[in-house]
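Counting along the sequence shown from 1, when you hit position 97 you're at 214 in the numbering used here, and nothing is skipped either side. Quick reminder that beta carbons are idealized off the backbone N, C-alpha and C, glycines included. What follows is a single structure, written as C-alpha cells, with notes after it.
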Amino acid sequence: MTDRELLNMAKNASEQAYAPYSRFLVGAALECADGTVFTGCNVENGALGATMCAERVALFKAVSEGQKDFIRIAIYAEGDDYCMPCGTCRQVLREFSTDMEVLCARASGGYVSYRLSELLPHAFTFGNF
Ligand code: THU
118 MTDRELLNMA
128 KNASEQAYAP
138 YSRFLVGAAL
148 ECADGTVFTG
158 CNVENGALGA
168 TMCAERVALF
178 KAVSEGQKDF
188 IRIAIYAEGD
198 DYCMPCGTCR
208 QVLREFSTDM
218 EVLCARASGG
228 YVSYRLSELL
238 PHAFTFGNF
C-alpha cells in the first residue's frame, strides 16, 4: 500500500467523524504488519472529556480484532496545518510500537512523515515500573 492510498483511507474515514462541538473532522488509517488496515474517526461527546480521537478508534478497533503489530498510521483533517496526533494518542500508539511511521496530512493533500520515536521520545513504558 502506498502512502497516498493510506492517506486516502484516512480522508474517507474523516467523513464519518462525529464532531458537532469542534467541527474538526479527523480520520485515521492504521496499517497492520499483515497488510490489514483499520480506520477510525473522532467521536465527540457532550461531556467533552469523553471524546475519542480518530487514531485511538482505529487502534482499538485493530487490537479488538487481534492485531498488535503496526507499520504505519495516516492521519487526516481538513485544515491548513498538518494534523498531528495528540499526546494521549502518541502514548497509546507507543504501547504497541516503538517506531511506527506516522503520516500527518493536511487539506491541500500534502503530508509529513515522522517516526513515533521522534514524536514521543523518552516514553513511559512497561519497563519503567
Ligand atoms: N482529534 C483527533 O481525533 N485526533 C487528533 O490527532 C487531534 C484531535 C479530535 C478530537 C476532537 O474531536 C477534535 O479533534 C478537536 O480536538
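Closer than 7 Å: residue i CB and nearest the ligand THU heavy atom
i, result
"Asn-159", "yes"
"Pro-202", "yes"
"Ala-136", "yes"
"Thr-215", "no"
"Val-229", "no"
"Ile-192", "yes"
"Phe-141", "yes"
Same chain, Cβ closer than 6 Å to residue i, neighbours up to 5 away in sequence not counted
i, result
"Tyr-231", "Val-219"
"Arg-207", "Leu-236 and Leu-237"
"Met-201", "Cys-221"
According to DSSP, residues forming a beta bridge with residue i
i, result
"Met-169", "Val-160"
"Tyr-138", "Looking at the DSSP assignment, Tyr-138 forms no beta bridge with any residue, so it has no partner."
"Phe-243", "DSSP lists no partner for Phe-243."
"Glu-148", "Val-154 and Arg-189"
Own chain residues within Cβ distance below 7 Å of residue i, not counting five before or after
i, result
"Glu-161", "Tyr-135, Ala-136, Pro-137, Tyr-138, Ser-139 and Thr-168"
Quiz item: Which ranges does the alpha helix (DSSP H) cover as unbroken runs of at least 4 residues, wholly within the region 169-232, from first to last along the chain?
Solution: 171-181 and 204-211
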